[in-house]
Amino acid sequence: MGEFKVHRVRFFNYVPSAIRCVAYNNQSNRLAVSRTDGTVEIYNLSANYFQEKFFPGHESRATEALCWAEGQRLFSAGLNGEIIEYDLQALNIKYAMDAFGGPIWSMAASPSGSQLLVGCEDGSVKLFQITPDKIQFERNFDRQKSRILSLSWRPSGTHIAAGSIDYISVFDVKSGSTVHKMIVDRQYMGVSKRKCIVWGVAFLSDGTVISVDSAGKVQFWDSATGTLVKSHLIANADVQSIAVANQEDSFVVGTAEGTVFHFQLVPVTSNSGEKQWVRTKPFQHHTHDVRTVAHSPTSLISGGTDTHLVIRPLMEKVEVKNYDAALRKITFPHRRLISCSRKRQLLLFQFAHHLELWRLGSTVATGKNGDTLPLSKNADHLLYLKTKGPENIICSCISPCGSWIAYSTASRFFLYRLNYEHDNLSLKRVSKMPAFLRSALQILFSEDSTKLFVASNQGALHIFQLSGGSFKHLHAFQPQSGTVEAMCLLAVSADGNWLAASGTSAGVHVYNVKQLKLHCTVPAYNFPVTAMAVAPNTNNLVIAYSDQQVFEYSIPDKHYTDWSRTVQKHGFHHLWLQRDTPITHISFHPKRPMHILLHDAYMFCIIDKSLPLPNDKTLFYNPFPPTNESDVVQRRTAHAFKISKIYKPLLFMDLLDERTLVAVERPLDDIIAQLPPPIKKKKFGT
Amino acid sequence: MASLEEEFTLSSVVLNAGSEGLLGVEQTSKTDQFLVTDNGRTVILYKVSDQKPLGSWSVKQGQIITCPAVCNFQTGEYIVVHDNKVLRIWNNEDVNLDKVFKATLSAEVCRILSVQGTEPLVLFKEGAVRGLEALLAEPQQKIETVISDEEVIKWTKFFIVFRHPVLIFITEKHGNYFAYVQMFNSRVLSKYTFLFGQDENSIIESFTASVDRKFISLMSLSSDGCIYETLIPIRPTDPEKNQSLVRSLLFKAVVSGDARHGVALTVLDQDHVAVLGSPLAASKECLSVWNIKFQTLQNSKELPQGTSGQLWYYGENLFMLHGRSLTVIPYKCEVSSLAGALGKLKHSQDPGTHVVPHFVNWETPQECGLGAQNSEQSRRILRRRKIEVSLQPEVPPSKQLLSTVMKDSEKHIEVELRKFLAIKQTPDFHTVIGDTVTGLLERCKAEPSFYPQNCLMQLTQTHVLAYSLCPDLMEIALQKKDVQLLQLCLQHFPDIPELVTCACLKVFLSIADDSLQETDVNMESVFDCSNSVRDEKMEEQTEILQNGFNPEEDKCNKCDQELNEKPQAKTKETTLCPVIAKRAALLNAILHSAYSETFLLPHLKDIPAQHITLFLKYLYFLYLKCSENATLTLPGIHPPTLNQIMDWICLLLDANFTVVVMMPEAKRLLINLYKLVKSQISVYSELNKIEVSFRELQKLNQEKNNRGLYSIEVLELF
């Protein structure tokens, strides 16, 4: 299978932003996640928790609230006082509307989905009507004294509860007036705190209001009388979030200590109809504040300052042992943040607001498996390119020759020409970008670096000719009439003739670049594409889907290859299908046409198409190196999947040349070291 | 006992009560809400538990309410009459009484009467009665005159007797009183005349009535301060004839005769009446509760601000006007019995009733667990489960077992239990086991001779019991000194309180060797002593070393010399187990049990000193055995660990140190223990020295693993 020199890179100093809000959509089984930098990500829980869409962040747009309304429409609101609606088709912001109430702290969609409520810094609660293409201000509720930090509708839609500082208000929706004001006790473990912040409220259909607050309490109130019914002290720190199941038989709260508590409505005795809320399970999957929680029918979802999105299935609701029964911890984005120039051995790292260009080192030594070779030259940091403006970078790419860098934000596209003179590097921006090219979702250079392919957010694919520092628009493949779906993934063949593009649901289209027309469409598959690449020579398109299936499609013949059919008939090994991160990159060995190289966050794999496929009884992973010669031979020919799990978490792996690989790792410890310190908890003693 | 609870004022708003007090307080269809009509223009709806008014309605200036507002229980509406003839009907949502339904009647209304379960009645001043429905259908209908000219209706009451409404009203004419009883099923009106005794010239101040089976018992409070009772038959013998009623004295002088204020009387229940008035001429007004049966004063409460001489009783509340505000005094009367008075507890549990099981079966699905989103697969599983259940025989063995437990012989129970345990797969296995144990234990307590040891042992071994489920089990075993069962309990129960553990320890230490020999104790935690005796030679060597340290080298210690004199004796003493094997097994069970030091310590102090020394000797013996081998463990299947042994030594010494120190026979043991600790300390100090160098080695190793930010490695894929 081969011996490689692996450049093991750990200097990609990437830290994901903290999660601020999650919103679960029951209809489409999707989860919207917003981060403190304003990024919004959409996860498809039906498609193996794949992050299928994302909206880039913005420095001034800190999201404080996120909700689904009118079925599948997504809204966010933040401290800049704006309500934003996202276009889930074109992957851009539909509009932003100022609520004129100062920073917005909370938002809730009405149970019918037709109205939107926001709670503002100035203590106002504003009701908006959702019209088919916008939202319209309807009226204000009674102004409160301090900021509205949390909102919840009664499922019947008649009342709302609003959490503020030191009290909870119950409003009548019809009149907009306060019905009750429920004062929250400031006492915290016998000591009076300065203020008690009601971080979250939930209104149940029987009129109970559940509140969580900064004194560590979960309290149940009767909204009809405005009285406290029950109080649970669950934490020494703030309880910051609450989410109730649709059936109202369980809810989940998250605390600043990183603990998530599950509460369930259980009968008082075995056969009585009387039920009460009982704290059933504590989960400690976070080290830092759990800023937000969600409750899907089968799982508890939580996220917070430690940047992990944790999906904890409720075992009693899970029937079969499959993906849904396993705990998920999603830390890294499911898209590529790194590109590499093979010719010059360069790596381009994409951060939220800047790009870094590094040159890999080299060695002259050789060694055997597992050796660390002495470096003759260390890696160099060549370039630090900071973006202009407050917008986050959506995507970036360096050309294979290393002389072009392109990146895009939500409103501007940038192309730079790099000149290397010995050790000096000069950078020149290509000005006069065409007006139609404002924003790109994906950028790709052809293998010979003469063409630039850009997937714009209007759904069009643009082809540019690059030659000697000049830049020319060749063609634009317009999206099929009627669709505006953005293309998220691009792949180009080594000869530059074929361009494959994939959207989030429209399938994979293959274009003929020479004749400038649509060549074919790969048969539809009901899971999103996570990675794809075109093999050299054969022009076979290899596609990895989020359900861990891998297909090989012959572009010239317009059908699946025989090998792909064999694999589908035979089926993948169950351990392969049970991996929980998607394949994010596929590449090929120039000299070995039978090999496919692919990786996800926890493994790197070479598939040798010439070897037999493993069945479920075969030993799939082999953690130990072979001990003797016959063992080596035997293992080499055992089955087609050669897997290495040495590098993890693996963000990028590519082939630099025949015998050299580059692996970019981002150890979790390094991320944790850059997070703010967690709340100190006593482990021992009293 | 009849008790009057703390009074409270319904509202601070001063009611327009006037000198005659309120018009009335009436019930509404909600138990907690009452309509209060003042003597002017206003009707207020109060919620008593909240002590606040829910609504208030007034008639226009110039109009005056002439009859207390009542609630129509059938519709929930309120009815009031103002200016004698104008009827108003409204409900909670109405705001203005001027805009609600209005009917002007042709005659003057005396009262509207309404009780639960029937339509309201309108009683006119001339004594005619109409149903509300009929009246509203034709408001201007002619109203006949029933009573004679100068008769005035003094008091009315409306009952439901045998589901038929009965109206009684009392009129007065020139000092004579007449009672009219109107039956509505037969539409018969009977008239009775009150006959007074010779001395009577008194005025009746207040009436109250209650219904017995055949009679209406009418009580009246006369101005002489006595309560009289009059019985009026419900079914009149001859309705046509004018009948007379005789009243009998019930109570003498409950209130002073010359009351300046009004007095009032109301029946609370069949034995109690409440009387409002001043008990003595000069004293303040008082609310008193009297027991009619025993003629005793049960309770009384002073009302210093004076009342209007009106008293209403609904539900459990007494309403009165105290001073100028409406006051509510909750009244409660529990059934009193002689036994209760003597302080004897009654047996609340009837032998026939089925006891609610206190064992919850967590494995059977509860309805809340299986939501709508469960896939069809689960339904299929459920269906299969149902089929399995239905396949079982008609009378499940569990039922049979429970019934045998209650009455059959020990042997029979054992057979049934074995049968039940053989099946084992029943879904309610846990609950049946729990119920069986409670059943058995209850029987044990009831019949001192009954002690099904085998059954209890089998049940304990099912692993489904815990101490908290059947605390009586160990209590009984302790009483019976059943060490075998106690050992099992210690092994199987995770939650034995320290008190009980200690009680077990006491039994284990005190029980005689002979009786121990007879019992069949599980010996797996005890290693074979004969084995160790055979290897005595080897032991002698290791014993001297004691965990790598030789105490004999410690010459500076003077105590040593005493020991060195007879090393032979010492080795003998320490290598022989101080207790017999069976007792050792029992003590090992104690060592294995879980405990918390703070809770255990106080109980350990109760153990006699010679037992403490015995146990300490045994522990010291175990420690020596432990330190014989390199792994610091004892041989055997489930031996006590070194930590457990050391913890118990510390605990015992902590708890009983002063006692042990004073005992001459424990001196040698203490010296040994002291030396043992000393030797351990020096061993550990040596180990600490080594640790530093090992840590350096580990640091070196870590540096090798930590690759830094960038490296080039070789990877070979197989």
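Residue numbers (my numbering), protein chains in the order written: chain A, 129 to 814; chain B, 1447 to 2164.
Even for Gly, the Cβ is constructed at its ideal location relative to N, Cα and C.
Only counting the same chain, and skipping five residues up and downstream in sequence, which positions put a Cβ closer than 7 angstroms to that of B:His2049? The residues Glu1944, Leu1945, Cys1948, in chain order, have a CB closer than 7 angstroms to that of B:His2049 in the same chain once the five nearest residues on each side in sequence are set aside.
Segments assigned alpha helix (DSSP H), at least 4 residues, entirely inside the segment 1887-1974 of chain B: If you keep only unbroken alpha helix (DSSP H) runs of at least 4 residues inside the segment 1887-1974 of chain B, you get 1899-1906, 1917-1926, 1929-1938, 1944-1956, 1959-1964.
Where are the beta strand (DSSP E) runs, 3 residues long or more, that stay fully inside the segment 1508-1594 of chain B, in chain order? For the segment 1508-1594 of chain B, whole beta strand (DSSP E) runs of length 3 or above, ordered along the chain, are 1511-1517, 1524-1528, 1532-1536, 1547-1550, 1555-1559, 1567-1570, 1575-1577.
Could you confirm whether any beta carbon from chain A is found closer than 7 angstroms to the beta carbon of B:Tyr2165? Residue 2165 of chain B cannot be examined here, being either before or after the span of chain B that is shown, 1447 to 2164.
If I follow the unbroken beta strand (DSSP E) through A:Leu796, where does it start and stop? Note, A:Leu796: premise wrong, no beta strand (DSSP E); alpha helix (DSSP H) at 796-802.
In the structure shown, what three-state DSSP assignment does B:Gln2007 receive? Low per-residue confidence applies at B:Gln2007: pLDDT is 43, beneath 50, and the placement is therefore not dependable, though the value from the model is reported in the following sentence. Three-state result, B:Gln2007: helix.
Hey, is the segment 510-525 of chain A in contact with the segment 475-495 of chain A, meaning 3+ C-beta pairs nearer than 8 angstroms? These segments touch.
Evaluate A:Thr632 with the Cβ neighbour count: other Cβ atoms within 10 Å of its Cβ, from every protein chain shown; 16 or more gives buried, anything less gives exposed. A:Thr632 is buried by the Cβ-count criterion.
Cutoff 8 angstroms; reference B:Asp1966; Cβ partners in own chain excluding five residues on either side: Only Gln1930 meet the Cβ criterion.
Check the Cβ-Cβ distances between B:Val2160 and every residue of chain A, and say whether any is below 7 angstroms. Taking Cβ atoms only, chain A reaches closer than 7 angstroms to B:Val2160, which makes this a yes.
Roughly how many angstroms separate the alpha carbons of A:Leu437 and A:Arg456, rounded to a whole number? In this structure, the alpha-carbon of A:Leu437 lies about 8 angstroms from that of A:Arg456.
Which residues in chain B sit within 9 angstroms of A:Glu131, going by Cβ to Cβ distance? Within chain B, the residues whose beta carbon sits less than 9 angstroms from that of A:Glu131 are Val2160, Leu2161, Glu2162, Leu2163, listed in sequence order.
To the nearest angstrom, how far is the alpha carbon of A:Arg470 from that of A:Val326? Cα to Cα, the separation comes out at about 54 angstroms.
My understanding is that A:Ser333 touches A:Gln347, with C-beta atoms under 8 angstroms, so please give their C-beta distance in whole angstroms. About 18 angstroms separates the two Cβ atoms, so there is no contact after all.
If distances are taken between C-alpha atoms only, which option among A:Leu725, A:Ser674, A:Lys686 comes closest to A:Gln706? Closest by alpha carbon: A:Ser674.
Mapping DSSP to helix, strand and coil, what is B:Leu1611? Residue identity check: residue 1611 of chain B is Pro in the sequence provided, not Leu. For B:Pro1611, the three-state secondary structure derived from DSSP is strand.
Between A:Phe391 and chain B, is the shortest Cβ-Cβ distance under 7 angstroms, so that the two count as touching? Using a Cβ-Cβ cut-off of 7 angstroms, A:Phe391 does not count as an interface residue toward chain B, since no Cβ of chain B sits closer than that to its own.
Okay, do the segment 1748-1767 of chain B and the segment 797-809 of chain A touch, 3+ Cβ pairs below 8 angstroms being the bar? The segment 1748-1767 of chain B vs the segment 797-809 of chain A: no contact.
I need the DSSP call for B:Ala2040, collapsed to helix, strand or coil. It is coil, neither helix nor strand.
Unbroken beta strand (DSSP E) runs of length 3 or more, entirely within the segment 518-548 of chain A: which are they? Taken in chain order, the unbroken stretches of beta strand (DSSP E) that lie wholly in the segment 518-548 of chain A and span 3 residues or more are 521-526, 532-537.
Considering B:Glu1651, what are the terminal residues of the beta strand (DSSP E) in which it resides? Residues 1650-1657.
Residues that DSSP places opposite A:Leu789 in a beta bridge: Its beta-bridge partners are A:Val134, A:Leu783.
Quick check: the segment 494-509 of chain A against the segment 209-216 of chain A, are at least 3 beta-carbon pairs closer than 8 angstroms? No: the two stretches stay apart, fewer than three of their Cβ pairs being nearer than 8 angstroms.
So for B:Tyr2069, helix, strand or coil by DSSP? Reduced to three states, the DSSP call for B:Tyr2069 is helix.
Can a CB atom of chain B be found closer than 7 angstroms to the CB of A:Ser174? The beta carbon of A:Ser174 does not come within 7 angstroms of any beta carbon belonging to chain B, so the residue lies off that interface.
Which partner residues does A:Pro395 have in the DSSP bridge list? Note: A:Pro395 sits in a beta bridge opposite A:Lys403.
By the DSSP assignment, the alpha helix (DSSP H) with B:Leu1468 in it spans what residues? Note, B:Leu1468: premise wrong, no alpha helix (DSSP H); not H, not E.
Against A:Asn668, what residues of chain B qualify as contacts under a CB-to-CB distance less than 7 angstroms, listed in chain order? By Cβ distance, chain B contributes nothing, its closest Cβ being about 22 angstroms from A:Asn668, past 7 angstroms.
Under the assumption that B:Glu2159 contacts A:Arg136 (Cβ atoms under 8 angstroms), give the Cβ distance between them as a whole number of angstroms. Confirmed, about 5 angstroms.
Have a look at A:Val394, A:Leu279, A:Lys262, A:Ile263 and flag the residue whose alpha-carbon is nearest the alpha-carbon of A:Phe269. With distances taken between Cα atoms, A:Phe269 lies closest to A:Leu279.
List in chain order: all unbroken beta strand (DSSP E) runs of 3+ residues lying wholly within the segment 298-371 of chain A. Given a length threshold of 3 residues, each whole run of the beta strand (DSSP E) inside the segment 298-371 of chain A is given here in chain order: 306-311, 326-331, 336-341, 345-350, 355-361.
Using a C-beta cutoff of 7 angstroms, does A:Ile734 count as contacting chain B? With 7 angstroms as the cut-off, A:Ile734 counts as an interface residue toward chain B.
Here's a check: name, in chain order, each residue in its chain whose Cβ is nearer than 8 angstroms to the Cβ of A:Leu501, leaving out the five neighbours to either side. Once the five neighbours on either side are set aside, the close Cβ partners of A:Leu501 are Lys133, Thr491, Ala493, Thr494, Gly495.
Can you tell me whether B:Val1496 is buried or exposed? The criterion is at least 16 other CB atoms within 10 Å of its CB, across all chains shown. Going by the sequence as given, residue 1496 of chain B is Asp instead of Val. Exposed, by the Cβ-count rule.
Contact belief for B:Ser1552 with B:Gln1586 at Cβ below 8 angstroms, rounded distance in angstroms: Contact flag correct, Cβ pair sits at about 5 angstroms.
Note down, in chain order, each residue of its chain lying with its Cβ closer than 6 angstroms to the Cβ of A:Pro410, except the 5 sequence neighbours on either side. Only residues of its own chain outside the window of five on either side were considered, and among them Thr387, Phe389 have a CB closer than 6 angstroms to the CB of A:Pro410, listed in chain order.
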